[in-house]
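Note sheet for the following structure.
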Amino acid sequence: MRTRTLHAAAALVAGLLTVSLTGCGSDDRTGGQSFTVGLLLPNRVTPRWEHADKPLIEKHVTRRCAGCRVVYANAEADASRQRDQVTSMITKGVKVLILDPADSKALRSSIQEARRAGVPVVAYDRLAEGPVSGFVSFDGAQVGRLQGEALLTAMRARGKGRTVVMMNGDPSSANAGWFRRGALSVLAGEATIARSYDTAGWSPESAHANMSAAITALGADRISGVLAANDAIAAGVVSAFRKAGVDKPPPVTGQDADLEAVRRVVAGRQAMTVYKPFEKEAAAAAAMAVALGRGESLDDVATTTVDSATRRDIPAILLTPVAVTAGDVERTLVRPGVHTAAQICVPELRAACARLGITR
């Protein structure tokens with residue numbers, strides 16, 4: 000994937016988000032026009048999709064278009080189901096689709112179907128193949144770099160070598176390779192990659208099985224750190240170490256700032272997670288979808304372009320991810336209201352929260 004930054008990208012993003020986060024109706028330029036936006040998310044394994052992204056996208060679409068509505072479907076990690084959902088939404092007359100593909104390649108034919116029907120598609124969080132009209136995500140290479148840098152820092156602090164196990168995402172997702180390349184750009188020459196696994200469906204169960212295999216092959220005490228692509232995978236990694244009798248595993252990375260992952264970070268069982276401000280991503284996707292639904296160009300919305308395997312120069316917005324270690328939880332997650340101290344600081348973590356200054 001190639002990206003090219005356009006002129007005044009930072010200013011455009013700032014302007015977009017300022018408008019998107021204002022009160023209801025303040026950016027409603029429909030002039031009586033209303034339409035339906037289809038929202039298709041990939042799975043329920045990752046908590047953020049239904050707990051954060053869905054309600055936020057719904058909120059920002061209606062803020063930009065008071066008469067518009069959002070219809071929703073979840074693929075349950077099944078690309079065939081998601082293809083059927085795309086067809087159903089087209090048949091029911093949606094004007095535009097926001098699609099997070101369960102499989103970046105498998106949804107290509109569905110996106111072509113949408114194009115033939117005159118329904119533009121905004122690829123959300125993960126880039127899909129085919130004639131997508133726009134793309135909104137976080138810089139995946141930067142996500143991987145943040146994970147790699149945090150892992151090296153944590154391993155140095157432990158002083159127990161630099162033998163790393165890579166627990167990558169699902170290869171059907173374009174993001175998995177993006178994250179991996181970013182991480183390897185940091186780890187290359189600084190760590191030894193002893194094992195590398197793909198994680199089917201980004202599931203904790205698949206990650207647990209792969210990590211158990213690595214522990215059996217290498218020995219738990221010979222693994223210095225684990226580059227886990229997201230928090231669901233990190234959960235499987237931590238559970239595999241626990242099953243092997245290791246209550247406090249070597250440093251493990253993550254992504255998405257899921258509540259359970261944040262608790263593991265506070266407890267010292269996960270070294271870090273990557274927070275991706277979902278409000279900004281949802282606002283950007285809504286801005287693209289409403290513009291396309293109105294038949295407008297994305298020139299005033301997109302801040303860069305990206306290439307997929309099948310199309311060049313896709314209008315895009317790539318946002319900035321944030322690394323979160325234990326010392327960052329209060330500032331990065333609690334103060335902005337991502338999670339409350341009460342949610343994080345369950346009884347067994349109250350002492351750790353007090354040491355970290357995570358207040359109620």
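Numbering (numbering that gives the first Met the number 0), first residue to last: 0 to 359. C-beta: ideal position from N, C-alpha, C; glycine also. If you're wondering where the values come from, they're calculated on a predicted model, not measured in any experiment.
{"Asked": "Nearest-angstrom Cβ-Cβ length linking Ile-89 and Glu-57, presumed shorter than 8 angstroms", "Found": "Not really, about 20 angstroms apart at Cβ, beyond 8 angstroms."}
{"Asked": "Enclosing alpha helix (DSSP H) for Met-287 [first to last residue]", "Found": "277 to 292"}
{"Asked": "Ser-136 - containing beta strand (DSSP E), residue span", "Found": "133 to 137"}
{"Asked": "Unbroken stretches of the alpha helix (DSSP H), 4 residues or longer, contained in the stretch 120 to 188", "Found": "139 to 157, 173 to 186"}
{"Asked": "Residue(s) in a DSSP beta bridge with Leu-96", "Found": "Gly-37, Val-120"}
{"Asked": "Distance between Ala-351 and Leu-106 (C-alpha atoms, nearest Å)", "Found": "44 angstroms"}
{"Asked": "Exposure label - Ser-103; buried when at least 16 CB within 10 Å", "Found": "buried"}
{"Asked": "Helix, strand or coil at Ala-74 according to DSSP, with G and I counted as helix", "Found": "coil"}
{"Asked": "Sequence-distant residues of the same chain with beta carbon closer than 7 angstroms to Val-80, five excluded per side", "Found": "Contrary to the premise, residue 80 reads as Arg rather than Val in this sequence. The answer, listed in chain order, is Ala-74."}
{"Asked": "With 16 other Cβ atoms within 10 Å as the buried cut-off, status of Ala-301", "Found": "buried"}
{"Asked": "Distance, Leu-150 Cα to Thr-191 Cα", "Found": "13 angstroms"}
{"Asked": "Nearest-angstrom beta carbon gap, Asn-167 and Thr-45 [assumed within contact, 8 angstroms]", "Found": "No, Thr-45 and Asn-167 are not in contact; Cβ-Cβ is about 15 angstroms, not under 8 angstroms."}
{"Asked": "Integer Cβ distance of Pro-250 from Ala-234, believed to fall under 8 angstroms", "Found": "In fact, because the Cβ distance is near 15 angstroms, the residues do not count as touching under 8 angstroms."}
{"Asked": "Nearest-angstrom Cα separation, counted from Asp-299 out to Lys-94", "Found": "20 angstroms"}
{"Asked": "CA-to-CA distance, Val-164 to Met-210, given in whole angstroms", "Found": "8 angstroms"}
{"Asked": "Inside the stretch 235 to 270 only - alpha helix (DSSP H) runs reaching at least 4 residues", "Found": "258 to 266"}
{"Asked": "Ala-353 - containing alpha helix (DSSP H), residue span", "Found": "349 to 355"}
{"Asked": "Where the alpha helix (DSSP H) through Ile-110 begins and ends", "Found": "107 to 115"}
{"Asked": "Rounded C-alpha distance that separates Ala-341 from Pro-130", "Found": "45 angstroms"}
{"Asked": "Val-345 (DSSP reduced to helix, strand or coil)", "Found": "coil"}
{"Asked": "Proximal residues to Ala-153 (C-beta, below 7 angstroms), its chain only, five neighbours per side dropped", "Found": "Gly-224, Pro-250, Ala-270"}
{"Asked": "Three-way DSSP call (helix, strand, coil) for Leu-332 in this model", "Found": "helix"}
{"Asked": "Bridge partners - Gly-224, DSSP secondary structure assignment", "Found": "Val-163"}
{"Asked": "Short Cβ contact (8 angstroms threshold) for Asp-169 with Thr-215", "Found": "no"}
{"Asked": "Host beta strand (DSSP E) of Ala-193 (start-end)", "Found": "191 to 196"}
{"Asked": "Start-to-end residues for the alpha helix (DSSP H) that takes in Val-60", "Found": "53 to 63"}
{"Asked": "N- and C-terminal bounds of the beta strand (DSSP E) containing Ala-367", "Found": "Nothing can be reported for residue 367: it is not among the residues displayed for the chain, which extend from 0 to 359."}
{"Asked": "Per-residue DSSP class, three states only, for Val-305", "Found": "strand"}
{"Asked": "Span separating the alpha-carbon of Arg-311 from that of Val-305", "Found": "7 angstroms"}
{"Asked": "Beta-carbon gap between Leu-186 and Gly-147 smaller than 8 angstroms", "Found": "yes"}
{"Asked": "Straight-line gap, Ala-243 to Ile-357 (C-alpha atoms, nearest Å)", "Found": "31 angstroms"}
{"Asked": "Start and end residues, beta strand (DSSP E) containing Thr-358", "Found": "It is not in any beta strand (DSSP E) - Thr-358 carries neither H nor E in the DSSP assignment."}
{"Asked": "Helix, strand or coil at Gly-30 according to DSSP, with G and I counted as helix", "Found": "At Gly-30 the pLDDT is 45, less than 50, meaning the model places this residue with poor confidence; the figure from the coordinates comes in the next sentence. Note: Gly-30 maps to coil in three-state DSSP."}
{"Asked": "Secondary structure of Arg-68, DSSP reduced to three states", "Found": "strand"}
{"Asked": "Minimum C-alpha distance to Gln-32 - residue among Glu-49, Ala-286, Cys-64, Ala-51", "Found": "Cys-64"}
{"Asked": "Residue span of the beta strand (DSSP E) that contains Leu-317, given as start and end", "Found": "313 to 318"}
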